[in-house]
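Student:
2 protein chains.
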Amino acid sequence: MSEPLAEPFDAILELAGEPLREAMVSVEQRLHEIAGIELHALYTIEAGGKRLRPLLVFVAGLGSGAHTALCRAAAAVELIHSATLVHDDVLDDAPLRRGRVTIYAAAGRDAATSTGDLLFSSAFAELARNESIAQLASLSAASSALARGELMQRADAWRSDVTLERYLERCELKTARLFAAACELGALAGDGPPLAPFGRAVGLAFQILDDVLDITGPAERTGKRPGADLLDGTVTLPLILARKRSPELAALDLRDISGPDEAHRICKVIEATGAAEQARQHALELVASSKRSLPDGSPQQRRALELLADGLVERFA
Amino acid sequence: MSEPLAEPFDAILELAGEPLREAMVSVEQRLHEIAGIELHALYTIEAGGKRLRPLLVFVAGLGSGAHTALCRAAAAVELIHSATLVHDDVLDDAPLRRGRVTIYAAAGRDAATSTGDLLFSSAFAELARNESIAQLASLSAASSALARGELMQRADAWRSDVTLERYLERCELKTARLFAAACELGALAGDGPPLAPFGRAVGLAFQILDDVLDITGPAERTGKRPGADLLDGTVTLPLILARKRSPELAALDLRDISGPDEAHRICKVIEATGAAEQARQHALELVASSKRSLPDGSPQQRRALELLADGLVERFA
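Residue numbers (this note's numbering), protein chains in the order written: chain D, 1 to 317; chain F, 1001 to 1317.
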């Protein structure tokens, strides 16, 4: 079983103590049970991950006694996330993820596509056990948004006219909605205060910071060389902002990038314009504002949510 | 808008009259609305199809006044089916389906994978509007089964030791469960008698007859040359039965088939053993037995279900 939580989130476990630790172990066990019916699905779950979305579910439901319901919701959100990763690896021709060979590389496109479908379906089957229509509506809406975000990313690939608004809409669909759903599910299952706006804001910040990291590196943090997004035609915030500052970048056609070295050089040009830092600041402001506008809840939950938001930022520091 | 129902099912429309006709039009409109949010999704729905699963939903709920609920359930089942077709086309490298260029061929693997995901998610979003946990549990279980069936088919590809039992289990997962769910959803939404066993039996028969058609043709019916299953390594009932009767087939390694002509020749060898006819008889018995064991319902519904079962068989006649 993988070690689910990375170091920046230790403080939350410290604060929330044994119940949260147990919840994270429970969801890990449940994920293994659900995926255990099929070899490739199990392989996906065993590859681990930060389990950030389950953590969001539990923190959004903190203090509630609804352990089983929260655990199902947490497992369901992680299953949707895992399904999209498996399909992303097919789309990206990815040999590795989290240091392990992807299902796509190990067992082929067919197995990976069907495994993603199985994980998707299993998410809804698991969540249905909570017998809450509101929860199912929330997850299915987020899951639809995710697929639309992915389609939007592919439609916008290589384009030089992707606007800031369109980029933010894509991040909203691709990432923020599932973060929002995780918080909403936690609040619904745990009868907590409404936290979807918080989830949305930190999700948006998470995606922006991830996109910044692809420009600034270092490679030890991302597991890949800077500029991977440029090479597969994905236009992100740093490039959009940098294009307004650099004539070279304004004239750049991503299709002309000759390879990783050239992509790395362009990353440095983008960084030199200050655009990557500007994008980072935008994400940090989103996080700060999400902390300021937290709804009333228990002081412990409020603190845990603040730590979670900080942990997200720290991860990219 | 496509003409949804093929001729063998005309008799059901005759029998059930205007309400069923209107229901089939409503589900078609609803499918277009749902898919209309995204270009590729709309393209998939516009490609049409027999809409057999929606018909099952409506007939299972026949006589009920729950039009809206039945229409949502019918749309949800068809969306799951459409999602799997889009993904199947990716897996099969298929240029055409229903005489139209596939999304895979027209827009690429990426768009097709994400479109399938969107259709999957949309199915659950649509069904959630019925606010029935039982319905959502039924659809998610069927959808998981489908993906497992697909994985099983890929795992068993090219193998010479696929047993009758394993073949039937695969058909159960890949096809029968969604037929059963369609009937179950219709019964749940329309407050009708339990019809999942009927759906399961006709679904199994449907898959077997489809597999027989791949051996016996004619190509005008299937839209492809006989032996397509042999060429992609899919072991079906006629081959399993024929292997017991023909030493040549018992020794056959599917990987050694040189191309379409050789596959066509092997189809004729299989047919000459009588195995295709034996498989067809097995399917017909399943249908006959499903008609005999129909639960008590209105005489009109009973007759409609019988016609539906007959229509299925006739389609392959």
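Where a beta carbon is used, it is the ideal one built from N, C-alpha and C, also for glycine.
#1: Counting only the same chain and skipping the five closest in sequence on each side, list residues whose C-beta sits under 6 angstroms from that of Arg1177(F).
#2: Could you tell me whether the Cβ atoms of Leu56(D) and Ala83(D) are closer together than 7 angstroms?
#3: Could you tell me the distance, in whole angstroms, from the CA atom of Ala76(D) to the CA atom of Gln29(D)?
#4: Which of the three DSSP states, helix, strand or coil, is assigned to Leu312(D)?
#5: Pull up the CB-CB distance for Ala111(D) and Arg1154(F), whole angstroms please, since I reckon it's below 8 angstroms.
#6: Going by C-alpha distance, which of Leu1249(F), Ala1279(F) and Arg1280(F) is nearest Arg1265(F)?
#7: Indicate whether Thr113(D) and His1087(F) have their beta-carbon atoms separated by less than 7 angstroms.
#8: Could you name the residues of chain D that Val1090(F) contacts, counting a contact when the two beta carbons are closer than 7 angstroms?
#9: For the stretch 1137-1203 of chain F, list the alpha helix (DSSP H) runs that are entirely contained and at least 4 residues long, ordered along the chain.
#10: For chain F, is any of its Cβ atoms less than 7 angstroms away from the one on Asp117(D)?
#11: Using 7 angstroms as the limit for Cβ to Cβ distance, is Ser82(D) near chain F?
#12: In the DSSP assignment, the alpha helix (DSSP H) including Thr1292(F) goes from what residue to what residue?
#13: Strictly under 7 angstroms for the Cβ-Cβ distance: is Leu231(D) near chain F by that measure?
#14: Could you check whether the stretch 194-212 of chain D touches the stretch 286-298 of chain D, counting it as contact only if at least three pairs of C-beta atoms, one from each stretch, sit closer than 8 angstroms?
#15: Does the beta-carbon distance from Thr1236(F) to Asp1261(F) come in below 7 angstroms?
#16: Any idea if Val1162(F) is buried or exposed, counting beta-carbon neighbours within 10 angstroms, 16 or more meaning buried?
#17: What do you get for Pro1004(F), buried or exposed, if any count of 16 or more other CB atoms within 10 angstroms of its CB means buried?
#18: With a threshold of 16 other CB atoms inside 10 Å of the CB of Ala1272(F), please say whether the residue is buried or exposed.
#19: What in chain D is Cβ-close to Phe1124(F), meaning under 8 angstroms?
#20: So which of Gln1135(F), Gly1099(F) and Asp1117(F) has the shortest CA-CA distance to Arg1072(F)?
#21: Does Arg1097(F) come out as helix, strand or coil in the three-state DSSP assignment?
#22: Between Asp1110(F) and chain D, is any beta-carbon pair separated by less than 7 angstroms?
#23: Quick one: which unbroken alpha helix (DSSP H) runs of 4-plus residues sit fully inside the stretch 240-278 of chain D? Chain order, please.
#24: Excluding the five sequence neighbours on either side, which residues of its own chain have a C-beta within less than 6 angstroms of the C-beta of Lys1224(F), listed in chain order?
#25: Work out the CA separation of Gly61(D) and Asp92(D) for me, nearest whole Å.
#26: With 7 angstroms as the C-beta to C-beta threshold (strictly closer), list the residues of the stretch 1145-1173 of chain F near chain D in chain order.
#27: Check the C-beta distance from Gln1300(F) over to Ala1016(F) and give it rounded, since I have them as a contact under 8 angstroms.
#28: Within the 7 angstroms Cβ cut-off, does Glu78(D) reach chain F?
#29: Less than 7 angstroms between the C-beta atoms of Ile133(D) and Ala1228(F), yes or no?
#30: Look at His40(D) and Ala107(D) and say whether their C-beta atoms are less than 7 angstroms apart.
#31: Between Leu1312(F) and Ala1263(F), is the Cβ-Cβ spacing less than 7 angstroms?
#32: Assuming Ala276(D) contacts Ile215(D) (C-beta within less than 8 angstroms), just tell me the rounded distance between them.
#33: Is there a Cβ from chain D that is less than 7 angstroms from the Cβ of Ile1045(F)?
#34: Would you say Glu324(D) lies against chain F (beta-carbon separation less than 7 angstroms)?
#35: Quick one: grab the DSSP three-state call for Thr1113(F).
Tutor: This is what the structure holds:
#1: Ala1142 and Ala1145, listed in sequence order.
#2: The answer is no: Cβ separation not under 7 angstroms.
#3: If I take the Cα positions, the gap works out to 13 angstroms.
#4: In the structure shown, Leu312(D) sits in a helix (DSSP, three-state: H, G or I).
#5: Right, their Cβ atoms sit about 6 angstroms apart.
#6: Ranked by how close their Cα comes to the Cα of Arg1265(F), the residues Leu1249(F), Ala1279(F) and Arg1280(F) have Leu1249(F) in first place.
#7: Result yes, Cβ atoms of Thr113(D) and His1087(F) sit closer than 7 angstroms.
#8: In chain order: Thr113.
#9: Correct list: 1164-1171 and 1177-1190.
#10: By this cut-off, Asp117(D) is an interface position.
#11: Chain F, which has no Cβ nearer than 7 angstroms to the Cβ of Ser82(D), makes this no.
#12: The amino acid occupying residue 1292(F) in the given sequence is Arg; Thr does not appear at that position. Arg1292(F) -> alpha helix (DSSP H) spans Ala1275 to Arg1292.
#13: Under the Cβ criterion of 7 angstroms, Leu231(D) is not counted among the residues facing chain F.
#14: Contact between the stretch 194-212 of chain D and the stretch 286-298 of chain D is present, with at least three C-beta pairs closer than 8 angstroms.
#15: Against a cut-off of 7 angstroms, the Cβ pair of Asp1261(F) and Thr1236(F) comes out as no contact.
#16: With 16 or more other Cβ atoms within 10 Å, it is buried.
#17: At Pro1004(F) the pLDDT is 45, less than 50, meaning the model places this residue with poor confidence; the figure from the coordinates comes in the next sentence. It counts as buried.
#18: Here Ala1272(F) is exposed, its C-beta having fewer than 16 other C-beta atoms within 10 Å.
#19: At a beta-carbon threshold of 8 angstroms, the residues of chain D lying near Phe1124(F) are Phe124, Leu136, Leu139, Ser140 and Ser143, ordered along the chain.
#20: Of Gln1135(F), Gly1099(F) and Asp1117(F), the residue nearest in Cα terms is Gln1135(F).
#21: Of the three classes helix, strand and coil, the one that applies to Arg1097(F) here is strand, per DSSP.
#22: For Asp1110(F), a Cβ of chain D is located within less than 7 angstroms of the residue's own Cβ.
#23: Within the stretch 240-278 of chain D, the alpha helix (DSSP H) runs of at least 4 residues that lie entirely inside it are, in chain order, 247-250 and 260-272.
#24: Shown here for Lys1224(F): not one same chain residue has a beta carbon closer than 6 angstroms to its own, the five before and five after excluded.
#25: The alpha-carbon atoms of Asp92(D) and Gly61(D) are separated by roughly 35 angstroms.
#26: For the stretch 1145-1173 of chain F, the set of positions with a beta-carbon nearer than 7 angstroms to some beta-carbon of chain D reads Ala1147, Arg1148, Glu1150, Leu1151 and Arg1154 in chain order.
#27: Between Gln1300(F) and Ala1016(F) the beta-carbon gap is near 7 angstroms, inside 8 angstroms, which marks them as a contact.
#28: It does not: the Cβ of Glu78(D) has no partner Cβ on chain F nearer than 7 angstroms.
#29: Going by C-beta atoms, Ile133(D) is not nearer than 7 angstroms to Ala1228(F).
#30: Yes.
#31: The beta carbons of Leu1312(F) and Ala1263(F) sit no closer together than 7 angstroms.
#32: The pair is a contact, with the Cβ atoms about 5 angstroms apart (cut-off 8 angstroms).
#33: Chain D contact via Cβ: absent.
#34: Past the boundaries of the shown model lies residue 324(D); chain D is included only from 1 to 317, so the question cannot be answered.
#35: Thr1113(F) falls in the helix class under three-state DSSP.
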